[in-house]
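These notes concern the structure reproduced below.
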Amino acid sequence: MTLIKILFAWGPILFGLGFLAPLTVQAMEAAALTPPFGLTPLHIGLALGLTWGLIAKFTGRWI
Amino acid sequence: MQEPLNAGAPQAAPLKTADEKALMREEMRIAKKYMNGFPFFMAFWGIFNLLCWLALWPLVISGIMPLWAGFIIATLNVTLCYLPSHEAQHSNYAPPGHPLRWLNELIGYVSTIPLVLPFKTARITHMDHHSFTNDPERDPDYGVKAKNAFAAIMQGLFRRQPGNADAYGLLLQKKAESGNKLAERAIVEALVQTTSFYLILAALAWSGYALEAALLWWLPRHLGMTYISLFLSWFPHHPMTEQGRYRNTRSFHHWYGNIVALGMEHHIVHHLHPGIPLNRNAAAFREMRPLLVERGCRLED
């Protein structure tokens, strides 16, 4: 129970990395988008997922 | 001005039994007529809808069905999955002690898997909604109150943001702290079910099925929750200013009809007699209408 409570407290970041990151990667691949500066879709996905998750965690809002 | 539902139909004879007991007797007589029999339609709806949603996964992943079509069907499935469980919350398939009680609980538990709505949470909070409808402090659905439909949708989005307290969670916690064992159990089940949902989403996403997970479950769930909140909570109770058996909800009618409104146009019958299955509410409403007029109900159809 304690573990689940901790997981929920960090839920937005976990959701960002666990779901939004791979979703971004696969959406970019499906749309045939190539990231700039030699980055891979995974770099973009992880950066977006982590950033958005942190924003949601500390502001309390996804949108 | 909307046309009344019974326009063109023969008018019911005016009531002569004006006293309270006679009114209640007549109301109960009509209600019992529609409560009889197993609600096959709702049971079939619950099971078929779940199987349909489950079938989408192999169909889409194997490429037999395009993802966009799966997304549309999944959104319908998620939107439609609550109401069969709602019958189970009221034990309308089988009351406690009945040989078919297992079926009641099974439909309650499994039909809302696409919505990720834990059954015990739904049942406990829904019973409080019935007991304290429109009470700002005690109705767990009071958070849907909004001045219009658009505001209700936006408020629904706002309520689902991680920084907002979950009214259902708070209610369960309060009950658990006061020693309610069922609420304690509901919290555990809710945590397990919600955690499982996010773990499955992540597992699918990191296995290469992120788009499928997003468009067959995650996004349909958000769209379904928005639709359900609007049509099952906001429309039937708006403006949520009155309490009491005959005034806390209403009948209504819009151009899009009762099916689009998920049968909520006659929600007043449900609040008066929750034992009447959803698909019989309209008929019960028509027969009960003169009594509802006599009672001063909010008939806004």
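Listed in order, the protein sequences are those of chains A and B. Under numbering that gives the first Met the number 0, read the first sequence as residues 0 to 62, first letter to last. Under numbering that gives the first Met the number 0, read the second sequence as residues 0 to 300, first letter to last. We put the CB at the ideal spot given by N, CA and C, even for glycine.
By how many angstroms is the C-alpha of residue j removed from the C-alpha of residue i?
| i | j | result |
| --- | --- | --- |
| H92 of chain B | A42 of chain B | Position check: residue 92 of chain B holds Tyr in this sequence, whereas His was assumed. Those two C-alpha atoms are separated by around 8 Å. |
| A282 of chain B | G178 of chain B | 42 Å |
| S84 of chain B | R159 of chain B | 21 Å |
| L114 of chain B | M224 of chain B | 7 Å |
| Y208 of chain B | S130 of chain B | 43 Å |
| W101 of chain B | G45 of chain B | 15 Å |
| I199 of chain B | L13 of chain A | 13 Å |
| L290 of chain B | F284 of chain B | 10 Å |
| H272 of chain B | S90 of chain B | 13 Å |
| I267 of chain B | N280 of chain B | 9 Å |
| D140 of chain B | L79 of chain B | 19 Å |
| P276 of chain B | R24 of chain B | 20 Å |
| A8 of chain A | F149 of chain B | 30 Å |
| R122 of chain B | Q88 of chain B | 5 Å |
| P35 of chain A | A29 of chain A | 17 Å |
| Y197 of chain B | K4 of chain A | 14 Å |
| A68 of chain B | L116 of chain B | 24 Å |
| A204 of chain B | T39 of chain A | 17 Å |
| L261 of chain B | F70 of chain B | 20 Å |
| D300 of chain B | A175 of chain B | 41 Å |
Using a 10 Å radius around the Cβ and a threshold of 16 neighbouring Cβ atoms, would you call residue i buried or exposed?
| i | result |
| --- | --- |
| Q242 of chain B | exposed |
| R133 of chain B | Arg is not the amino acid found at residue 133 of chain B; the sequence shown has Asn there. N133 of chain B comes out buried. |
| N169 of chain B | The sequence shown places Leu at residue 169 of chain B, rather than the Asn named in the question. L169 of chain B is exposed by the Cβ-count criterion. |
| P65 of chain B | exposed |
| E211 of chain B | buried |
| M239 of chain B | buried |
| S61 of chain B | exposed |
| K180 of chain B | exposed |
| T288 of chain B | Note that residue 288 of chain B corresponds to Arg in the displayed sequence, not to Thr. By the 10 Å Cβ count, R288 of chain B comes out buried. |
| P315 of chain B | The displayed coordinates of chain B run from 0 to 300. Any statement about residue 315 of chain B would go beyond what the structure contains. |
| Q10 of chain B | Its pLDDT being 40, under 50, Q10 of chain B is placed unreliably in this model, and the value from its coordinates should be taken loosely. Under this definition Q10 of chain B is an exposed residue. |
| I29 of chain B | buried |
| Y81 of chain B | buried |
| S110 of chain B | buried |
| S195 of chain B | exposed |
| L32 of chain A | exposed |
| T74 of chain B | buried |
| P95 of chain B | exposed |
| N163 of chain B | exposed |
Leaving out the 5 sequence neighbours to the left and right, which residues in its chain are closer than 7 Å to residue i when beta-carbon positions are compared?
| i | result |
| --- | --- |
| M263 of chain B | F230, L231, F234 and P235 |
| G79 of chain A | Only positions 0 to 62 of chain A appear in this structure, which leaves residue 79 of chain A out of reach. |
Can you give me the Cβ contacts of residue i inside the same chain, cut-off strictly under 6 Å, excluding the 5 residues immediately before and after it?
| i | result |
| --- | --- |
| Y108 of chain B | F118 |
| L47 of chain A | T23 |
| N278 of chain B | F40 |
Apart from the five residues on each side of it in sequence, which residues of its chain come closer than 8 Å, Cβ to Cβ, to residue i?
| i | result |
| --- | --- |
| T50 of chain A | G15 |
| R246 of chain B | G295, C296 and R297 |
| G52 of chain A | P11, I12, L13, F14, G15, L16 and L19 |
| C51 of chain B | I72 and N76 |
message: At 4 residues or longer, what runs of the alpha helix (DSSP H) sit wholly inside the stretch 174-241 of chain B?
response: 180-203, 209-212 and 218-227
- request: Output, in sequence order along the chain, the residues in the stretch 37-56 of chain A whose CB is closer than 8 Å to any CB in chain B.
  value: A55 and K56
query: Going along the chain, which residues of the stretch 178-205 of chain B sit with their C-beta nearer than 7 Å to a C-beta in chain A?
result: L190, T194, Y197, L200, A201, A204 and W205
query: Listed in chain order, which residues of the stretch 5-33 of chain A have Cβ atoms closer than 9 Å to some Cβ of chain B?
result: L6, F7, G10, P11, L13, F14, L16, G17, F18, L19, A20, P21, L22, T23, V24, Q25, A26 and A29
- prompt: Fully enclosed by the stretch 142-174 of chain B, which alpha helix (DSSP H) runs are 4 residues long or longer?
  reply: 148-158
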